[in-house]
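S.K.: Here you go, one structure.
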Amino acid sequence: MEQVDQRQQKTCESLRVFLFGAEATLLGTSEIFVPAEEGIRTVRDLRSWLAGRYTELRPLMSQIRVAVNHRFAADDTPLGPNDEIALIGKVSGG
Amino acid sequence: MTVRVAICDGPLAETTRPQTAGDDGAVVVFEGIVRRLENGRPISGLTYDVYSPMAENLLQELGQSLIHDFGVTTVIVEHSRGFVPVGQCSFRLVVSGCHRQEVFRAAQWFIDRLKEDVPIWKKPVPAQAGTG
């Protein structure tokens, strides 16, 4: 995934979100940065922001789970710039 | 009681049956092999993407669940990362315990959960574009 998402700029207060599988293929990148000014405070905020910003993701949102610091996270989990955040869509190991 | 998890680059090497506890009377070894066709189309192999360390952590937790909930004694999990050619092994699960019933049930449950929860993704490499 070499293509860089030019719509987002990384800052020290950005949230960094890792992508894999179908989501990474759809957006053409393996990570996106959510600017601090977007006011994302929780997983729920992030899901809503992603669905609004990336219309390509909307059909997949119902099967996407969010992991925070390597654990699946509930919608009310708080998010900060030091958290490692990942979108976990449909997996296919084994 | 042992749970061992390993993510390995490329195809998994052949292995001999691991040493088991003295009371064990049953060992199930499951191997996942890359098939020639993926959704009806010929491939040269699959490329696996693994989100570490979350994948390893979840595999370890699933292994612990087998010991606590199914009563098995040994769980060994290996999964490939990167390219695995057709015909090669990309996943191996070894479960041992006293009797066949619990090890069969445990192995089935583990694989079901793996395919539901563990952040590993496969991507087919078309036959004409493959390296294998």
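Quick mapping for you: the protein sequence lines, in order, are chains A and B. Sequential numbering of the first sequence, starting at -2, is according to the numbering used here. Sequential numbering of the second sequence, starting at 466, is according to the numbering used here. We put the beta carbon where it would ideally sit given N, CA and C, even for glycine.
#1: Note down the Cα distance separating Gly528 (chain B) from Met519 (chain B), rounded to an integer number of angstroms.
#2: Pick out whichever of B:Met466, B:Glu526, B:Phe556, B:Gly497 has its Cα sitting closest to the Cα of Asp488 (chain B).
#3: For Val40 (chain A), which of helix, strand or coil comes out of DSSP?
#4: If we count the other Cβ atoms within 10 Å of its Cβ and call it buried at 16 or more, is Val53 (chain A) buried or exposed?
#5: Strictly below 9 Å CB to CB, what residues from chain A border Val583 (chain B)?
#6: What whole-angstrom Cβ distance do His564 (chain B) and Ile472 (chain B) have, given they're in contact under 8 Å?
#7: So which residues of chain A does Pro518 (chain B) contact, with C-beta pairs closer than 9 Å?
#8: According to DSSP, Val583 (chain B) sits in a beta bridge with which residue or residues?
#9: Between which two residues does the alpha helix (DSSP H) harbouring Ser530 (chain B) extend?
#10: Quick one, which of B:Val542, B:Asp534, B:Arg501 has its alpha-carbon nearest Val494 (chain B)'s?
#11: Whether or not the segment 499 to 515 of chain B and the segment 65 to 74 of chain A are in contact is what I'm after, with contact meaning three or more pairs of Cβ atoms, one per stretch, closer than 8 Å; do they touch?
#12: With DSSP collapsed to three states, give me the class of Ile61 (chain A).
#13: Suppose you measure from the CA of Gly90 (chain A) to the CA of Ile576 (chain B); what does that come to, to the nearest Å?
#14: Quick one: what's got a C-beta closer than 7 Å to Val531 (chain B)'s C-beta in the same chain, skipping five residues either side?
#15: How about Asp514 (chain B) and Phe17 (chain A): are their beta carbons less than 8 Å apart?
#16: With a threshold of 16 other CB atoms inside 10 Å of the CB of Pro476 (chain B), please say whether the residue is buried or exposed.
M.R.: Walking through what the data contain:
#1: Your numbering for residue 528 (chain B) matches position 63 in the second sequence. Your numbering for residue 519 (chain B) matches position 54 in the second sequence. Using only the alpha carbons, I get a separation of about 14 Å.
#2: Along the second sequence, read from residue 1 onward, the residue named residue 488 (chain B) stands at position 23. Sorting B:Met466, B:Glu526, B:Phe556, B:Gly497 by C-alpha distance to the C-alpha of Asp488 (chain B) places B:Met466 at the top.
#3: Residue 40 (chain A) sits at position 43 when you count from the first residue of the first sequence. Note: Val40 (chain A) maps to helix in three-state DSSP.
#4: The sequence position of residue 53 (chain A) within the first sequence is 56, counting from 1. The question names Val, yet the displayed sequence has Glu at residue 53 (chain A). Looking at its Cβ environment, which holds fewer than 16 other Cβ atoms inside 10 Å, Glu53 (chain A) is exposed.
#5: Position 118 of the second sequence holds residue 583 (chain B). Chain A residues near Val583 (chain B): Val88, Gly90, Gly91.
#6: Taking the second sequence and counting its residues from 1, one reaches residue 564 (chain B) at position 99. Taking the second sequence and counting its residues from 1, one reaches residue 472 (chain B) at position 7. Contact doesn't hold; Cβ gap of about 30 Å is too wide.
#7: Position 53 of the second sequence, counted from the first residue, corresponds to residue 518 (chain B). Here the neighbours are His67.
#8: Start at 1 with the first residue of the second sequence, and residue 583 (chain B) comes out as number 118. Note: Val583 (chain B) sits in no beta bridge, so no partner.
#9: For the purposes of this step, residue 530 (chain B) is taken as residue 65 along the second sequence, with counting starting at 1. First-last of the alpha helix (DSSP H) with Ser530 (chain B): 519 to 530.
#10: Locating residue 494 (chain B) in the second sequence gives position 29, where the first residue counts as 1. Minimum Cα distance to Val494 (chain B) is reached at B:Val542.
#11: no
#12: Residue mapping note: residue 61 (chain A) aligns to position 64 of the first sequence, counting from 1. Note: Ile61 (chain A) maps to coil in three-state DSSP.
#13: As a working mapping, residue 90 (chain A) is identified with position 93 in the first sequence. As a working mapping, residue 576 (chain B) is identified with position 111 in the second sequence. Between Gly90 (chain A) and Ile576 (chain B), the C-alpha separation is close to 9 Å.
#14: The count along the second sequence starts at 1 and reaches residue 531 (chain B) at position 66. Residue identity check: residue 531 (chain B) is Leu in the sequence provided, not Val. Closer than 7 Å at the Cβ level, and outside the excluded window around Leu531 (chain B), lie Val537, Val540, Val560, Ala571, Phe575.
#15: Position 49 of the second sequence, counted from the first residue, corresponds to residue 514 (chain B). Position 20 of the first sequence, counted from the first residue, corresponds to residue 17 (chain A). Yes, Cβ-Cβ distance for Asp514 (chain B) and Phe17 (chain A) is below 8 Å.
#16: The residue you call residue 476 (chain B) lines up with position 11 of the second sequence. Flag for Pro476 (chain B) reads buried.
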